[in-house]
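Peer 1: Which chain is which? The protein sequence lines are A and B, in order.
First residue of the first sequence? That's 459 in the working numbering, and the numbers climb one at a time after it.
First residue of the second sequence? That's 7 in the working numbering, and the numbers climb one at a time after it.
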Amino acid sequence: MIIPLFQSLEKLKKMRLSYSDQLTKIPRLSSATNLEHIDLEGCNSLLSLSQSISYLKKLVFLNLKGCSKLENIPSMVDLESLEVLNLSGCSKLGNFPEISPNVKELYMGGTMIQEIPSSIKNLVLLEKLDLENSRHLKNLPTSIYKLKHLETLNLSGCISLERFPDSSRRMKCLRFLDLSRTDIKELPSSISYLTALDELLFVDSRRNSPVVTNPNANSTELMPSESSKLEILGTPADNEVVVGGTVEKTRGIERTPTILVKSREYLIPDDVVAVGGDIKGLRPPVLQLQPAMKLSHIPRGSTWDFVTHFAPPETVAPPSSSSEAREEEVETEETGAMFIPLGDKETCSFTVNKGDSSRTISNTSPIYASEGSFITCWQKGQLLGRGSLGSVYEGISA
Amino acid sequence: MLNLKFDANPNVFEKMCNLRLLKLYCSKAEEKHGVSFPQGLEYLPSKLRLLHWEYYPLSSLPKSFNPENLVELNLPSSCAKKLWKGKKARFCTTNSVKYGKL
Chain A
459 MIIPLFQSLE KLKKMRLSYS DQLTKIPRLS SATNLEHIDL EGCNSLLSLS QSISYLKKLV
519 FLNLKGCSKL ENIPSMVDLE SLEVLNLSGC SKLGNFPEIS PNVKELYMGG TMIQEIPSSI
579 KNLVLLEKLD LENSRHLKNL PTSIYKLKHL ETLNLSGCIS LERFPDSSRR MKCLRFLDLS
639 RTDIKELPSS ISYLTALDEL LFVDSRRNSP VVTNPNANST ELMPSESSKL EILGTPADNE
699 VVVGGTVEKT RGIERTPTIL VKSREYLIPD DVVAVGGDIK GLRPPVLQLQ PAMKLSHIPR
759 GSTWDFVTHF APPETVAPPS SSSEAREEEV ETEETGAMFI PLGDKETCSF TVNKGDSSRT
819 ISNTSPIYAS EGSFITCWQK GQLLGRGSLG SVYEGISA
Chain B
7 MLNLKFDANP NVFEKMCNLR LLKLYCSKAE EKHGVSFPQG LEYLPSKLRL LHWEYYPLSS
67 LPKSFNPENL VELNLPSSCA KKLWKGKKAR FCTTNSVKYG KL
């Protein structure tokens, strides 16, 4: 039998030995200079990797997921083509490996890693960093903000992680951030600098029913200046459902950021206002009552008189010419009622509902008709409409 | 491989010296040992470019196998312990003997 002493693997491009659960080592690969793809997922007897993989200049994809006996990884600094490195589930791996700066996707969940070195900033092309269930991970360096291409950061299940770093730098590409099931007590205010964020998951699995909240459709971008206006309207289970730690999109709307907030305590920064169910916070300016306008000249008995009748005296500046006469006519007891003149002569009125709506208009109050005649007796008719300022009813003269 | 079950001779591929693509595919896991090699496997053609063998039943590839033309090696869920047996089987390009002597 001939045992070739020097065998070449020069033409080999792809090597897949996944789930070969008796495999203890792989051959030297120094000659496999064209190797692009190595898949050793689930090789849970693999004890070591040949140092020779350090020389695979064309290697793009290296999957060592679930190689649970692997303790050390050779340096991968020189793997200049490497784009995807999967080390998740390498449960004996304790040190952050040396990785080529060109890597785009790095999966390191479920390892023994305690901290991410600040040199992670050298992975300038990194788009996806998955550290899910890194139970020993205690620290995340601030230099993570220098990963300007980072789109996905998964820290869910990092139960020892107590804080998310704070920095004024922006991660302009970060679209998905999962901080669920961590020990993070509060989010830094700089989270509002993540202007591209689509999803922020912050769910505490220790409670069975996470609060699922959807931010306003307007707040697609959490600009720093607008962060104070972010209102989270509690409409549970609309966009996202959390099932056993994974997120399933059911009726997700494209480009609408979804924020799942931890239910245990209140954990978002002070300048983010949360509103539950009904509108309870500050009203947007559009809905606020406008100040009364001054009108220069109004003939007696016009619609203007009708309007001023319902106004509290301090809000009305009587027209200059007939001010003495008009002051007698302005009733003062209707303090609950206000008005908004909208134009010069075409005015309309609103009443504000403060509790009981029947108090705001009584059918014995005098009404000025448009011709100047004086109506003293009228009936409240049917409801014409309701708005945020109150209800409008039809008035019928007797 | 359908439901074919048979024992194969160790030299079953010996006369297929021009074989370039070899794909043994199992649609169901319970059929994984459709072909068994009770006496091992002696030979695989050196012209092979694709070796795709699901549930490869042996602990290594044949000692004599020269993978110089191999482009893709797919052995998912194999029983391999080491890929190539034998202490002297080193894989090295002829012009970088550096690693071959180790």
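Just so you know, even glycine gets a beta-carbon here, dropped at the ideal spot from N, CA and C.
List, in order along the chain, the chain B residues whose C-beta lies closer than 8 angstroms to that of A:MET534?
Peer 2: Per Cβ cutoff of 8 angstroms: no residues; A:MET534 is ~18 angstroms from chain B at best.
Peer 1: Do A:LEU581 and A:ILE557 count as a contact pair if the criterion is CB distance below 8 angstroms?
Peer 2: yes
Peer 1: What residues in the stretch 470 to 487 of chain A have a beta carbon less than 9 angstroms from any beta carbon of chain B?
Peer 2: Cβ proximity to chain B below 9 angstroms picks out LEU470, LYS471, LYS472, MET473, ARG474, LEU475, SER476, TYR477, SER478, ASP479, GLN480, LEU481, THR482, LYS483, ILE484, PRO485, ARG486, LEU487 from the stretch 470 to 487 of chain A.
Peer 1: Quick check on B:VAL41 - is its C-beta less than 8 angstroms from some C-beta in chain A?
Peer 2: no
Peer 1: Let me check understanding here. Comparing Cα to Cα, which of A:SER626, A:SER503, A:GLU657 lies closest to A:SER648?
Peer 2: A:SER626
Peer 1: Name the DSSP beta bridge partners of A:GLU563, please?
Peer 2: According to DSSP, which records beta bridges pairwise, A:GLU563 is partnered with A:VAL542, A:LYS586.
Peer 1: Per DSSP, what kind of secondary structure is A:GLN509 in: helix, strand or coil?
Peer 2: helix
Peer 1: Scan the stretch 67 to 81 of chain B for residues whose Cβ lies nearer than 7 angstroms to a Cβ of chain A and list them as they occur along the chain.
Peer 2: Contacts with chain A (Cβ-Cβ distance below 7 angstroms) from the stretch 67 to 81 of chain B involve LYS69, SER70, ASN72, PRO73, GLU74, ASN75, LEU76, VAL77, GLU78, LEU79, ASN80, LEU81, listed in chain order.
Peer 1: Would a check of beta-carbon distances place A:SER466 closer than 8 angstroms to chain B?
Peer 2: yes
Peer 1: From A:LEU635, A:ASN553, A:GLY524, A:THR640, pick the residue whose C-alpha is nearest to that of A:PRO532; which is it?
Peer 2: Across the set A:LEU635, A:ASN553, A:GLY524, A:THR640, the C-alpha of A:ASN553 shows the shortest separation from the C-alpha of A:PRO532.
Peer 1: Thinking C-beta only, is A:LEU613 closer than 8 angstroms to A:LEU645?
Peer 2: no
Peer 1: What does DSSP give as the partner residue(s) for A:GLU573 in the beta ladder?
Peer 2: Note: A:GLU573 is bridge-paired with A:ASN597 in the DSSP secondary-structure output.
Peer 1: Who are the neighbours of B:LEU89 on chain A, taking C-beta pairs under 7 angstroms?
Peer 2: ILE484, PRO485
Peer 1: Whole beta strand (DSSP E) runs in the stretch 460 to 507 of chain A with 3 or more residues, listed along the chain?
Peer 2: 472 to 474, 495 to 497
Peer 1: Hey, does B:CYS85 have any beta-carbon neighbour from chain A nearer than 8 angstroms?
Peer 2: So yes, B:CYS85 belongs to the interface.
Peer 1: Identify the continuous beta strand (DSSP E) that holds A:LEU613 and give its terminal residues.
Peer 2: Going by DSSP, A:LEU613 is part of no beta strand (DSSP E) at all; its letter is neither H nor E.
Peer 1: By DSSP, does A:ASN591 sit in helix, in strand, or in coil?
Peer 2: coil
Peer 1: Compute the beta-carbon to beta-carbon distance between A:LEU475 and A:LEU481, rounded to the nearest angstrom, for a pair I have assumed lies under 8 angstroms.
Peer 2: Rounded to whole angstroms, the Cβ separation of A:LEU475 and A:LEU481 is 6 angstroms, and the two are in contact under 8 angstroms.
Peer 1: Among all the DSSP beta bridges, which residues are the ones paired with A:ASP636?
Peer 2: Residue pairing from DSSP places A:ASP636 in a beta bridge opposite A:ASN612, A:LEU659.
Peer 1: Against chain A, with Cβ distances strictly below 8 angstroms, would B:ASN17 count as a contact?
Peer 2: It does not: the Cβ of B:ASN17 has no partner Cβ on chain A nearer than 8 angstroms.
Peer 1: In three-state DSSP terms, what is B:ASN75?
Peer 2: helix
Peer 1: On the three-state DSSP scale, how would you describe A:TYR851?
Peer 2: Strand at A:TYR851.
Peer 1: Roughly how many whole angstroms lie between the Cα atoms of A:GLY839 and A:ILE854?
Peer 2: 6 angstroms
Peer 1: Is DSSP giving A:SER650 helix, strand or coil here?
Peer 2: Helix.
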